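Have a look at the structure below before the remarks.
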Amino acid sequence: MIKLVLERLVSIDGFVGGLNGEVASGDLAEEILHLKQQPGNYILAHGGARFAQSLARLGLIDEYRLLIHPVALGSVLPLFSTLSKPINLRLMSTTLFNNGAVAHIYRPANNKQE
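Encoded structure:
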């Protein structure tokens with residue numbers, strides 16, 4: 098498994114050593130496209146809303162895994178607010194958890210991967 102930390106502004110010297118990975122600070126699209134060319138099953142990207150917005154805006158997301166928690170918050174950063182045009186999504190599956198959370202898995206409607 099490849100572990101890659103994409104950093105933009107923050108110095109993370111010494112942080113990656115514990116992850117047994119590498120740091121990439123180049124262009125986000127180029128770094129992700131390079132990762133997609135590597136052997137392996139899939140890329141799992143963890144990050145905040147701005148990171149997800151960047152990936153979505155660049156068309157780099159093949160599958161959205163959204164977990165909806167039964168909590169109403171008054172002020173949050175909308176996940177898709179920076180898109181210039183809608184992305185049509187196809188629901189692939191849902192999972193209901195005992196705590197009331199629901200996981201939705203979507204793929205872009207133009208994605209032929211099943």
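With this note's numbering applied, the sequence shown covers 98 to 211.
Built from N, CA and C at the ideal position, the CB exists for glycine as well.
The structure displayed is predicted, hence computed values, not measured ones.
- Given a length threshold of 4 residues, each whole run of the alpha helix (DSSP H) inside the region 116–149 is given here in chain order: 125–133.
- A200: member of the beta strand (DSSP E) spanning V199 to P205, first to last residue.
- Contact annotation: the region 179–191 touches the region 146–157, with at least three C-beta pairs closer than 8 Å.
- Secondary structure of L155 (DSSP, three-state): coil.
- H201 and I129 have their C-alpha atoms spaced approximately 23 Å apart.
- DSSP places L188 in the strand class (E or B) of the three-state scheme.
- For L164, the uninterrupted beta strand (DSSP E) segment begins and ends at Y161 to I165.
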